[in-house]
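A.B. asks:
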Amino acid sequence: DQQVKQNSPSLSVQEGRISILNCDYTNSMFDYFLWYKKYPAEGPTFLISISSIKDKNEDGRFTVFLNKSAKHLSLHIVPSQPGDSAVYFCAAMASNTGKLIFGQGTTLQVKP
Amino acid sequence: IAGITQAPTSQILAAGRRMTLRCTQDMRHNAMYWYRQDLGLGLRLIHYSNTAGTTGKGEVPDGYSVSRANTDDFPLTLASAVPSQTSVYFCASSDISGRAYNEQFFGPGTRLTVL
Chain W
946 DQQVKQNSPS
956 LSVQEGRISI
966 LNCDYTNSMF
976 DYFLWYKKYP
986 AEGPTFLISI
996 SSIKDKNEDG
1006 RFTVFLNKSA
1016 KHLSLHIVPS
1026 QPGDSAVYFC
1036 AAMASNTGKL
1046 IFGQGTTLQV
1056 KP
Chain Z
28 IAGITQAPTS
38 QILAAGRRMT
48 LRCTQDMRHN
58 AMYWYRQDLG
68 LGLRLIHYSN
78 TAGTTGKGEV
88 PDGYSVSRAN
98 TDDFPLTLAS
108 AVPSQTSVYF
118 CASSDISGRA
128 YNEQFFGPGT
138 RLTVL
């Protein structure tokens, strides 16, 4: 029973264009959401997060949108760069548990 | 550079053997975690520890044990390895004192193959 789902295993975009990575969740108790980025042979690194009291959080080229009614969040990368090519994991947490639940990951390829 | 170290980087292990994966952090974080990453399944929590001396079970704890004798170290032990434990293992830590939300910092991972 996957509580956090990333239904697109891979995404390919052209350099300079927008990358949109999607994530759906089922547990209405989740109140904090994070995106992690992972390069091959390295551990995941934190990218951006959003609390359930917000619907948007922006950090440079990265913006996360949260739609609580749809239990959906997305990560927008604009403009996409070849160095953004990595696996992106969506994660969610219910603050009373303190535990992160991760999605399956989406592999982003940004072509020069 | 402060962070998390894991050892070994990779290991090939015969089924039935005992193996301990090591994890050390120098950020004085109170919470530590072990995850396994498998293709198509993302990262799944094996065990966690919110503070030294305490541990808890995650999503997939069977076949694994942990201990937390001090703040810095959080070893993961496979008592009798099986091929289904072939995976990439990540250790993580976070500071959860007084905060509702905690960013987790990850180590570089250990790639384990059980034959």
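If you read the protein sequences in the order shown, they are chains W and Z. So the first sequence is residues 946 to 1057, counted in our numbering. So the second sequence is residues 28 to 142, counted in our numbering. For every residue, glycine included, the Cβ atom is placed at its ideal position computed from N, Cα and C. Treat the numbers as computed from the prediction; the structure is a model and nothing was measured.
(1) Taking W/ALA1037 as the reference, give the member of W/SER964, W/SER996, W/THR990 with the closest Cα.
(2) Under 9 angstroms, Cβ to Cβ, is there at least one residue of chain Z near W/GLN959?
(3) In three-state terms, what does DSSP make of W/ASP1000?
(4) Who are the near neighbours of Z/LEU70 in its chain, counting only those whose CB is closer than 6 angstroms to its CB and skipping five residues on each side?
(5) List the endpoints of the continuous beta strand (DSSP E) containing W/ASP969.
(6) Mind listing, in chain order, the continuous alpha helix (DSSP H) runs of no fewer than 4 residues lying wholly within the segment 1011-1045 of chain W?
(7) According to a CB-to-CB cut-off of less than 9 angstroms, which residues of the segment 978-990 of chain W neighbour chain Z?
(8) Quick check: what's the CA-CA separation for Z/LEU139 versus Z/ALA106?
(9) Does the segment 1006-1021 of chain W come close enough to the segment 954-967 of chain W to have 3 or more Cβ pairs within less than 8 angstroms?
(10) By how many angstroms is the C-alpha of Z/LEU40 removed from the C-alpha of W/ARG1006?
(11) Would you list, in sequence order, the uninterrupted beta strand (DSSP E) runs of no fewer than 3 residues that lie entirely inside the segment 50-115 of chain Z?
(12) Whose Cβ in chain Z lies nearer than 7 angstroms to the Cβ of W/LYS1001?
(13) What's the C-alpha gap between W/LEU1053 and W/ALA986?
(14) Go ahead and label W/TYR984 buried or exposed: buried means 16 or more other beta carbons lie within 10 angstroms of its beta carbon, across all protein chains shown.
(15) I need the boundaries of the beta strand (DSSP E) containing Z/LEU142, first residue and last residue.
C.D. replies: Concretely, from the data shown:
(1) Mapped onto the first sequence, residue 1037 of chain W falls at position 92. Measuring from the Cα of W/ALA1037, the nearest candidate turns out to be W/SER996.
(2) Your numbering for residue 959 of chain W matches position 14 in the first sequence. So no, W/GLN959 is outside the interface.
(3) Your numbering for residue 1000 of chain W matches position 55 in the first sequence. Here W/ASP1000 carries a coil assignment [DSSP, helix/strand/coil].
(4) In the second sequence, counting from the first residue as 1, residue 70 of chain Z sits at position 43. For Z/LEU70, same chain residues with a beta-carbon under 6 angstroms away, outside a window of 5 residues either side, are TYR62, GLN64 in chain order.
(5) For this step, residue 969 of chain W is matched to residue 24 along the first sequence. That run of the beta strand (DSSP E) goes 964-970.
(6) Listed in chain order, there is nothing to give.
(7) Of all residues in the segment 978-990 of chain W, LEU979, TYR981, LYS983, ALA986, GLU987, GLY988, PRO989, THR990 have a Cβ within less than 9 angstroms of some Cβ in chain Z.
(8) Along the second sequence, one-based indexing puts residue 139 of chain Z at 112. Along the second sequence, one-based indexing puts residue 106 of chain Z at 79. Approximately 14 angstroms between the Cα atoms of the pair.
(9) Yes, the segment 1006-1021 of chain W is in contact with the segment 954-967 of chain W.
(10) Position 61 of the first sequence, counted from the start, is the residue given in the question as residue 1006 of chain W. Position 13 of the second sequence, counted from the start, is the residue given in the question as residue 40 of chain Z. Approximately 43 angstroms between the Cα atoms of the pair.
(11) Unbroken beta strand (DSSP E) stretches of 3 residues or longer found wholly inside the segment 50-115 of chain Z: 58-65, 69-76, 91-93, 103-105, given in chain order.
(12) Position 56 of the first sequence, counted from the first residue, corresponds to residue 1001 of chain W. Going along chain Z, no residue has its Cβ under 7 angstroms from W/LYS1001, so there is no contact; the nearest lies around 17 angstroms.
(13) To locate residue 1053 of chain W, count along the first sequence from 1; it is residue 108. To locate residue 986 of chain W, count along the first sequence from 1; it is residue 41. Here the C-alpha atom of W/LEU1053 lies approximately 16 angstroms from the C-alpha atom of W/ALA986.
(14) The count along the first sequence starts at 1 and reaches residue 984 of chain W at position 39. So W/TYR984 counts as exposed.
(15) What you label residue 142 of chain Z is simply residue 115 of the second sequence in a count that begins at 1. In the DSSP assignment, Z/LEU142 falls outside any beta strand (DSSP E) and carries neither an H nor an E.
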